[in-house]
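Residue numbers (this note's numbering), protein chains in the order written: chain A, 211 to 564; chain B, 211 to 564. Ideal Cβ placement from N, Cα and C applies to all residues, glycine included. Keep in mind the model is a prediction, meaning the values are calculated, not measured.
There are 2 protein chains.
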Amino acid sequence: MTLKNDRLLRALRRESVDCTPVWIMRQAGRYLPEYRETRTKAGDFLTLCKTPELACEVTLQPLRRFELDAAILFSDILTIPDAMGLGLTLNEGVGPRFSKPLRAAADVEKLPEIDVSSDLAYVTDAVKMIRRELDGAVPLIGFSGSPWTLATYMVEGGGSKDFRLVKGMMHDQPRVAHSLLQKNTDAVVNYLKAQAAAGVQSLMLFDTWGGVLSTPDYVDFSLSYMAQIVEALKADEVSRDIPITLFTKGGGQWLEKIADTGCDAVGLDWTTPLSDAYQRIGDRVALQGNMDPTVLYASDTKVQTEATRILHEMGTANGHIFNLGHGIHPQIEPARVKTLVDTVHSVSKEIRGN
Amino acid sequence: MTLKNDRLLRALRRESVDCTPVWIMRQAGRYLPEYRETRTKAGDFLTLCKTPELACEVTLQPLRRFELDAAILFSDILTIPDAMGLGLTLNEGVGPRFSKPLRAAADVEKLPEIDVSSDLAYVTDAVKMIRRELDGAVPLIGFSGSPWTLATYMVEGGGSKDFRLVKGMMHDQPRVAHSLLQKNTDAVVNYLKAQAAAGVQSLMLFDTWGGVLSTPDYVDFSLSYMAQIVEALKADEVSRDIPITLFTKGGGQWLEKIADTGCDAVGLDWTTPLSDAYQRIGDRVALQGNMDPTVLYASDTKVQTEATRILHEMGTANGHIFNLGHGIHPQIEPARVKTLVDTVHSVSKEIRGN
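Here it is in structure tokens:
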């Protein structure tokens, strides 16, 4: 099927575009009243994720409001450990919790292999339904948490400020940590292949917590596994042509290493100037980012100024996908997002003389 | 007075040393049973800070256990906003809270100028007492929070995950934010001058939250004020020869800019390889850091391996002060710290062939 709007895919391939494509991490989420309504209907967050009709509905909601250049599958990064039987609960305010966290070598050893086609069928069903509903309007992005990021939640049993338990395992029982990371990697590869087979047109790995590691630990315990995933996807008939974006929050010092994995695009948080990133790796990969999400708390004028500043950092260079440097906060006014999306399109057209 | 151990000051001046000096951020703190005992005696944390005898006692405690090459004044980074009347409470588990946070332009306007010599006399009294007790054994480090870091707590009213309010002020009312930062800067300058006059032999600015800013915002709202402080201290008779260290957590991408302030040393968190930092700015400043504090949860062997790895990154180059990349966690076994300190001394001696 030909896409009516293929800006995202063109930018990911570093081809010319009429204007810069834009989507927003967590664009389907709590800042939208219609999302909150659907979520209330679902009862809880996991039910929302696990009911393809509802996941499809919330995926499409932001596209009805804003001229976004992509849809992203509504799901959670913790679907894999949930399928592994760790007992996930997701509550607003509290954050994710696993009732059966992995604390010892034996826990990791006993971790079951998942069968994506049955255990995570609700995800691939949602992908198929969304593709049908989108009807080629914009591409659909699929995703997973990175093996390291999944491991942090699986070992800590939830979010953490100091990552005491998972880093303790990494430092003291590196073999156990590597065994867990390999199991996560195998599951992520199968998961993303299944998403590709179901119809996603772009893939993204969220390495939300890679940035809490030292450089050698990042390379050994996070990046090397993401590199394995990229390699496996590029070696597979179905997924080989689907561009993949790696995003390590706090990974600004490691951009060259991330680009070395062979990924197609690198996500940037707001601490790295886009122009620096372009100089460092822009000849090899596309760049996604990178406005500070808190700018959306400010006035429309400030949103316009900041989006314009960022677009000028890329100028007319190819290979930029505009996004925030992290997920949108739940308290943001939807009107600010409209301002942002419209500004990105109009200013980037002007910059290109279109 | 001649110091019996001047390794720290020599390393800060990038002179040769017999072995690498080491101290630990938060070395006087909750991981030590004797600290917890003194704190219980004091009743609460603020009383501990505000009673020079007790502050002196806890400052000296870690030096009785470990062969540390420096003492650091026991105090809190929030003494300045406390003196400004914002109503500080510090409770374990909850973190700092201000009962009168700054939310509007009028709040910032009304902020009183503090008189360090009376309002913060408890700090300078503690400095004098500690110097007397140390009797030249090791140098004493004084410190302050950076203007931006102080502002985050003053506006948010406590710690924050997203810095919504202070960034909102920065984006939407930049003049108000700058006015607050200038007031903080003036207070910090007076505060550090007073610490210098009272006898501290080295100074440090903790910019704990500079790393949450975009590069242009970091330069405008955090670094430029730290640069003002460095300049003011270097222009003052009493403080001009006291080396000053700037530490922005998460500032690895901005090391050159930090060194440009004219500071004597740059603190590094654990995400930047020490060897990279040395290549980038080691010809201009000393480097302090940078072991991941979570390594101290691991075995003695791992602590030794990791400290050795970091020391080898510097090799025989001058200008390294070993430290963690962030404060020591309260759950750490004191025995691990002994292993760390002893390893730093013995391995760095070996590396130098001493």
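Cβ-based neighbour list, residue i, same chain, cut-off 7 angstroms, excluding 5 preceding and 5 following
i: B/MET338; result: Inspection of the sequence shows that residue 338 of chain B is occupied by Lys rather than by Met. Cβ neighbours of B/LYS338 beyond the five flanking positions: ALA408, GLY409.
i: B/CYS266; result: ALA336, MET339, ILE340, GLU343
i: A/PHE308; result: PRO291, LEU296, GLY297, LEU298, TYR363, MET364, GLY367, GLY368
i: B/PRO306; result: LEU288, LEU298, LEU300, TYR363, GLY368, GLY369
i: A/PRO272; result: GLN237, ALA238, LEU242, LEU278
i: B/PRO483; result: GLU523
i: B/PRO322; result: MET294, GLY295
Assigned secondary structure, residue i (DSSP; H/G/I helix, E/B strand, else coil)
i: A/ARG307; result: strand
i: A/MET414; result: strand
i: A/ASN533; result: strand
i: A/PHE276; result: coil
i: A/THR515; result: helix
i: A/ILE340; result: helix
i: B/GLY368; result: strand
i: A/ASN301; result: strand
i: B/ASN564; result: coil
i: A/THR395; result: helix
i: B/THR334; result: helix
i: B/PHE539; result: It should be noted that the sequence gives His, not Phe, for residue 539 of chain B. Note: B/HIS539 maps to coil in three-state DSSP.
i: A/PHE431; result: helix
i: B/SER424; result: coil
i: B/GLY462; result: helix
i: A/ILE452; result: coil
CB contact check: residue i to chain A, cutoff 7 angstroms
i: B/PRO483; result: yes
i: B/SER389; result: no
i: B/SER434; result: no
i: B/ARG374; result: yes
i: B/TRP419; result: no
i: B/LYS548; result: no
i: B/VAL304; result: no
i: B/HIS530; result: no
i: B/TRP480; result: yes
i: B/GLY462; result: yes
i: B/LEU440; result: The residue asked about is misnamed: residue 440 of chain B is Val in this sequence, not Leu. Output row for B/VAL440: interface = no.
i: B/TYR241; result: no
Chain-order list of residues whose beta-carbon lies under 8 angstroms from that of residue i (same chain, five-residue window excluded)
i: B/MET501; result: TRP480, GLU516, ALA517, ILE520, PHE532, ASN533, LEU534, GLY535, LEU550
i: B/GLY472; result: ALA437, VAL440, GLU441, LYS444
i: A/SER370; result: THR362, VAL376
i: B/PHE373; result: THR362, GLU366, TRP419, VAL422
i: A/VAL513; result: VAL505, LEU506, ARG546, THR549, LEU550, THR553
i: A/GLY461; result: ASP417, GLY420, GLY421, TYR428, ILE468, ASP479
One or two residues paired with residue i in a DSSP bridge
i: A/GLY477; result: A/PHE457, A/GLN498
i: A/PHE353; result: A/MET414
i: B/VAL232; result: B/PHE532
i: B/ILE282; result: B/ILE351
Identity of the residue in the options nearest residue i by Cα
i: A/ASP470; options: A/THR482, A/GLY460, A/LEU456; result: A/LEU456
i: B/LYS403; options: B/ASN394, B/GLU447, B/SER434; result: B/GLU447
i: A/ILE491; options: A/SER509, A/VAL476, A/HIS381, A/GLY499; result: A/VAL476
i: B/ASP286; options: B/ASP325, B/PHE416, B/VAL422; result: B/PHE416
i: A/ASP474; options: A/LEU413, A/ASP396, A/THR482; result: A/LEU413
i: B/VAL398; options: B/MET294, B/THR458, B/ARG494, B/ASN301; result: B/MET294
i: A/ALA314; options: A/THR359, A/PRO384, A/LEU256; result: A/PRO384
i: A/PRO426; options: B/ASP486, B/VAL429, B/LYS251; result: B/ASP486
i: A/MET524; options: A/LEU433, A/THR395, A/ALA221; result: A/ALA221
i: B/ASN528; options: B/THR212, B/ASP228, B/ASN215, B/LYS214; result: B/ASP228
i: A/HIS530; options: A/GLU225, A/LEU213, A/THR212; result: A/GLU225
i: B/GLY346; options: B/LYS393, B/ASP396, B/ASN215; result: B/ASN215
i: A/LEU256; options: A/PRO453, A/GLU302, A/PHE276; result: A/GLU302
Minimum Cβ-Cβ distance from residue i to chain B less than 7 angstroms
i: A/ALA527; result: no
i: A/LYS371; result: no
i: A/THR515; result: no
i: A/VAL232; result: no
i: A/LYS467; result: no
i: A/HIS522; result: no
i: A/ASP470; result: no
i: A/SER356; result: no
i: A/ALA445; result: no
i: A/HIS381; result: yes
i: A/ALA545; result: no
Residues near residue i by beta carbon distance below 6 angstroms, same chain, minus five either side
i: A/ASN164; result: Because chain A in this structure spans residues 211 to 564, residue 164 of chain A falls outside the shown range and cannot be described.
i: A/THR359; result: ASP417, THR418, TRP419
i: B/VAL557; result: THR518, LEU521
Within-7 angstroms CB hit, residue i to chain D
i: A/ASP279; result: Protein chains A and B are contained in the structure displayed, whereas chain D is not.
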